Amino acid sequence: MNAMNSARIGWIGLGKMGAPMAARLLDAGHTLTVYNRSAARAQPLLDKGAELADSVQVLGREAAIVFSMVSDDDAIQGIALDAGGLLEATRPGLVFIDMSTISPAMSERVAAAAREKGVHYLRAPVSGSTTTAAAGMLTILASGPRDAYEQCLPLLQALGKKLYYLGEAEQARYLKIAINMMVGVTAAMMGEALILAEHGKVEWAQMIEVINNSVVGSPLLAYKAELLATRNFAPMFTAVQMAKDFDLALNAGRNANVPLPLVAISRQFLGAMIASGRGELDFFAYVTLLEELSGLGRPADRERN
13 MNAMNSARIG WIGLGKMGAP MAARLLDAGH TLTVYNRSAA RAQPLLDKGA ELADSVQVLG
73 REAAIVFSMV SDDDAIQGIA LDAGGLLEAT RPGLVFIDMS TISPAMSERV AAAAREKGVH
133 YLRAPVSGST TTAAAGMLTI LASGPRDAYE QCLPLLQALG KKLYYLGEAE QARYLKIAIN
193 MMVGVTAAMM GEALILAEHG KVEWAQMIEV INNSVVGSPL LAYKAELLAT RNFAPMFTAV
253 QMAKDFDLAL NAGRNANVPL PLVAISRQFL GAMIASGRGE LDFFAYVTLL EELSGLGRPA
313 DRERN
């Protein structure tokens, strides 16, 4: 057993993405102690051999490496910076790897607090779904201390197929937000195109097939093609989650005086999705909002989801 396999590893956050990612480390033979606000979510991992921590501070004191995968800036503030958080009780030398999608500004605050404690802080947000997380096929964008990245590379390779080291600071945060901007704007653009073609009496499933095999076909469209063709908008990534990521982009753009007009307009329509009861559907359900606005509404879509 090598040193990395024997190191005590902590994991904070067992949501839709965090749970399958933590399971990957267990399946790779690593010793894992987990924490989640709702302890019941940890049970499947405990059944696989993980241990349960009753606080994040336990992980800070006892683990050599701690991962986190939480929902937003408020969550990372709570687990890392607030009283009772990870960095309050930790010791110098800990490697803290946050894989959440959070703002560069919040990440900079975590970095400053980590430096004061002698903690090596890696930013490692991911691109992918729950399916790719379970298969260890995520794309991982990493920035922070290069030596910490190289030390933890075997762990990251258990979680992702494609890994990119981007620099010493917040490069991973900015690139993750930029990718999600493009994904969300693609959904908005495609929704409008589909509605126009639907008004022209193009058969729905055939339209999706043709577009997917056209010059505008892409890995994203291929991934969403069945969802669109069957009009099954069960969430892979919800409109609420995409709205949160657009808010991160708009705030980062405002802080840097970078204009993001397409993101700003698309964010308004995400707000309309949420207000109309579509917030917990997949963000590609934007097309159903446009159908309603254009007189092509299909109430059955909302009933089935």
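Residue numbers (our numbering): 13 to 317.
For glycine and all other residues, C-beta sits at the position ideal for the given N, C-alpha and C.
Keep in mind the model is a prediction, meaning the values are calculated, not measured.
Could you check the C-alpha separation between Met118 and Gly307 for me, to the nearest Å? Walking along the sequence shown from the start, residue 118 turns up at place 106. Walking along the sequence shown from the start, residue 307 turns up at place 295. Rounded to the nearest angstrom, the two C-alpha atoms are 42 Å apart.
Leu302 to Leu37, Cα distance in whole Å? The count along the sequence shown starts at 1 and reaches residue 302 at position 290. The count along the sequence shown starts at 1 and reaches residue 37 at position 25. Near 42 Å, if we compare the C-alpha coordinates of Leu37 and Leu302.
Measure the Cβ-Cβ separation of Ala75 and Ala62 and say whether it is below 8 Å. By 1-based counting over the sequence shown, the position of residue 75 is 63. By 1-based counting over the sequence shown, the position of residue 62 is 50. No; because the gap between Cβ atoms is not below 8 Å, this pair is not in contact.
From the DSSP output, in three-state form, read off Arg20 for me. In the sequence shown, counting from the first residue as 1, residue 20 sits at position 8. Arg20 falls in the strand class under three-state DSSP.
Drop a sphere of 10 angstroms on the beta-carbon of Val270, count the other beta-carbons inside from all chains shown, and report buried for 16 or more, exposed for fewer. For this step, residue 270 is matched to residue 258 along the sequence shown. With fewer than 16 Cβ atoms within 10 Å of its Cβ, Val270 is classed as exposed.
For Ala199, the nearest candidate out of Tyr161, Ile277, Val214, Ala181 (CA to CA): Position 187 of the sequence shown holds residue 199. Comparing Cα positions, the closest option is Ile277.
From this set, Asp39, Thr144, Ala34, which residue's C-alpha is nearest Tyr47's C-alpha? The sequence position of residue 47 within the sequence shown is 35, counting from 1. Minimum Cα distance to Tyr47 is reached at Ala34.
Find out if the Cβ-Cβ distance for the pair Thr113, Lys188 is shorter than 8 Å. To locate residue 113, count along the sequence shown from 1; it is residue 101. To locate residue 188, count along the sequence shown from 1; it is residue 176. Yes, these two residues count as a Cβ contact at 8 Å.
Is Leu167 near the ligand NAD - that is, is its Cβ less than 7 Å away from at least one heavy atom of it? Inclusion of the ligand NAD in the displayed structure is not the case, the ligand content being empty and no account of it being possible.
Quick check on DSSP: helix, strand or coil for Thr45? Translated into positions along the sequence shown, residue 45 becomes position 33. Reduced to three states, the DSSP call for Thr45 is strand.
Candidates Met254, Ala217, Ala209: closest to Glu238 by CA position: Position 226 of the sequence shown, counting from 1, holds the residue named residue 238. Taking only the C-alpha atoms, the option nearest Glu238 is Ala217.
Could you tell me which whole beta strand (DSSP E) segments of length 3 or greater appear in the region 95-178? 107-110, 132-135, 150-154, 172-177
How many angstroms separate the CA atom of Pro157 from the CA atom of Leu106? Residue 157 sits at position 145 when you count from the first residue of the sequence shown. Residue 106 sits at position 94 when you count from the first residue of the sequence shown. Distance between the alpha carbons of Pro157 and Leu106: 12 Å.
Given this structure, state the Cα-to-Cα distance separating Val214 from Asp86, to the nearest angstrom. The residue given as residue 214 occupies position 202 in the sequence shown. The residue given as residue 86 occupies position 74 in the sequence shown. In a straight line, the C-alpha of Val214 is about 45 Å away from that of Asp86.
Mind checking who Val78 pairs with in its DSSP beta bridge? The count along the sequence shown starts at 1 and reaches residue 78 at position 66. Per DSSP, Gly22, Phe108.
Use the C-beta contact count for Ala251: other C-beta atoms within 10 angstroms, 16 or more gives buried, fewer gives exposed. As a working mapping, residue 251 is identified with position 239 in the sequence shown. Buried is the call here.
Environment of Ser50 [buried if 16+ CB atoms lie within 10 Å]: Taking the first residue of the sequence shown as position 1, residue 50 is located at position 38. Ser50 comes out exposed.
If you drop the 5 nearest sequence neighbours on each side, which residues of the same chain put their C-beta closer than 8 Å to that of Glu315? Translated into the one-based positions of the sequence shown, residue 315 becomes position 303. Bear in mind that a pLDDT of 38 at Glu315, under 50, signals an unreliable position, so the model cannot answer this.
Identified DSSP bridge partners for Asp294: As a working mapping, residue 294 is identified with position 282 in the sequence shown. Paired residues: Thr250.
Please return the same chain residues whose Cβ sits closer than 6 Å to the Cβ of Leu260, not counting the five positions on each side in sequence. Counting from 1 along the sequence shown, the entry for residue 260 is found at position 248. Correct list, in chain order: Ser115, Ile189.
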